[in-house]
Each structure stands twice: as C-alpha cells, then as structure tokens.
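J.: I am attaching a structure below and will ask some questions about it afterwards.
In our numbering, the protein residues as written are 43 to 264.
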C-alpha cells in the first residue's frame, strides 16, 4: 500500500483523516473560508436562476421575438461547456479564489453592460455567449477549494451543503425577479441587484485561505 500526502504537509495544520462526517461538517461550519465560499455560491445561484427564469420575459418586454430568447438560452448552455472546462483547467494552475473573484467581477461588468446596451438580437446573443462562459465556471473552482482545504474524503458532502446555499440563491433570484416585476413592471431593480451582488461576491472570495489544510489528503492503492 502506498500513501500519498499533500505537499508541504509538515508546515500545515492537519486533522486526523479518521474524523467522522459530523466532525468534518463541524470543522467546515467553523471555518471562515468555507463560510465565505458558501456565501459567494449563493450569489451564483441568484444570478443563474434569475437569468434562466426571467430572460425570455425580459426580452419579450423589449419587443424581441421568442426565438431570440430560445437562441439566447441555447448559447448560454453551449458556451457554458467551454467556460467550465477552461476555468477548471485554469484553477489547476493559478489561485482558484482569485479566479472566482475575477469571474464574479466579470459577471457584474457584463450585467452592467447589458443594462446600458440597446436590446437587439446582436447584443442579446453576445451577452448570452459571454454569460455562458461565466455561467457554471464557478462549480469546479468552488468544489476545488473545498477539496484543497478539507481533502477528498468528505468533499462531496461538504460541497453538497455549499450547493444548498446555491439553491437558496436560486429560489430568491427566481422569486424576486417575478415579485419586482409585479411591483414595478420592470426587471431593472433585479438586474442592478445582480451587478451589486456580483461585486460583493468578488470581494468575499479574497480573504479565503486555502493554504491551511484541515484534513490529510490521502489516497491509497494496493
């Protein structure tokens, strides 16, 4: 049997790899970086579900054809493939938390540009393709940070709890978009909220510390 331990383990703080699920979750809940990461992922959920739920109605309100909305959502899905693979690759070479900060900042700048731009087929499709690159590129980076800090043993479980925050953001983005439209007859307040939340999330990721490992990253092979 061979045991591979993360590099520089002697200079880092570790917890016994025999910890239980409860102990692992307790360590995560008490870890500042995990809480920041989970909070940031809430914003991701807010963004993607607001757009996917309300973009067709928003485009219809701007006198664009239903087919444009269909193409827009399709482009988001298509370019999401390239974006997720690209950011996942970059995350294996440069700081994942910094990439997340850049990603959320780019989302906010994109939303801001879309708010200010004229609404026609060209601007909508450019917006959609660009947003697709930034769409779920957060997932490999977020999951990677969790694994970097806590190791592989309970990484899926810990990411699941982080994903709950994403779903909570998804609910709020979907509901609030409809609620604001009912109240004001416009999606503008929520578009601006998307801009603000993106910049807040970008700032949230800067203090994340991935240098201190909270679990042995042990792989065994016979």
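We treat Cβ as the ideally placed atom computed from N, Cα and C, and that holds for glycine.
Under 9 Å, do residue 176 and residue 149 count as touching if we go by C-beta distance?
T.: Yes, they are a contact pair.
J.: When you compare only the Cα positions, how much space is there between residue 229 and residue 143?
T.: The alpha-carbon atoms of residue 229 and residue 143 are separated by roughly 25 Å.
J.: Enumerate in chain order the residues of its own chain whose CB-to-CB distance from residue 243 is below 7 Å, with the five nearest sequence positions on each side excluded.
T.: Within the same chain, residue 243 has close Cβ partners 82, 85 and 146.
J.: DSSP three-state label for residue 72, please.
T.: Coil, per DSSP.
J.: By the DSSP assignment, the alpha helix (DSSP H) with residue 177 in it spans what residues?
T.: First-last for residue 177: undefined, no H or E at that position.
J.: State the start and end residues of the unbroken alpha helix (DSSP H) segment that holds residue 231.
T.: Residues 230-247.
J.: Can you name the start and end residues of the alpha helix (DSSP H) that residue 138 belongs to?
T.: Residue 138 -> alpha helix (DSSP H) spans 138-158.
J.: Helix, strand or coil for residue 205, going by three-state DSSP, please let me know.
T.: Residue state, collapsed to three classes: helix.
J.: Could you tell me the alpha carbon to alpha carbon distance between residue 173 and residue 121, rounded to whole angstroms?
T.: Going by the C-alpha atoms only, they are around 8 Å apart.
J.: Is residue 127 helix, strand or coil by DSSP?
T.: If DSSP states are grouped into helix, strand and coil, residue 127 belongs with the helices.
J.: How would you label residue 127, buried or exposed, when you count the other beta carbons within 10 angstroms and need 16 or more for buried?
T.: So residue 127 ends up on the exposed side.
J.: Look up residue 221 in the DSSP assignment and say whether it is helix, strand or coil.
T.: If DSSP states are grouped into helix, strand and coil, residue 221 belongs with the helices.
J.: Pairing CB atoms from the stretch 127-138 with CB atoms from the stretch 175-194, are three or more of them under 8 Å?
T.: At 8 Å Cβ cutoff, the stretches touch.
J.: For residue 187 and residue 197, which I take to be in contact (beta-carbon distance under 8 Å), what is that distance rounded to the nearest angstrom?
T.: Wrong, their Cβ atoms sit about 10 Å apart, outside the cutoff.
J.: Give the list of continuous alpha helix (DSSP H) stretches no shorter than 4 residues that lie fully inside the stretch 73-110.
T.: The qualifying runs are 74-103.
J.: Relative to the C-alpha of residue 66, which residue among 195, 91, 112 and 124 is closest?
T.: The residue with the shortest Cα to Cα distance from residue 66 is 195.
J.: Check whether the stretch 208-225 and the stretch 107-114 are in contact - that is, three or more C-beta pairs closer than 8 Å.
T.: With a cut-off of 8 Å, the stretch 107-114 and the stretch 208-225 do not count as touching, because too few Cβ pairs lie within range.
J.: Which residue wins for smallest C-alpha separation from residue 161, given the options 104, 72 and 237?
T.: The option with the nearest alpha carbon to residue 161 is 104.
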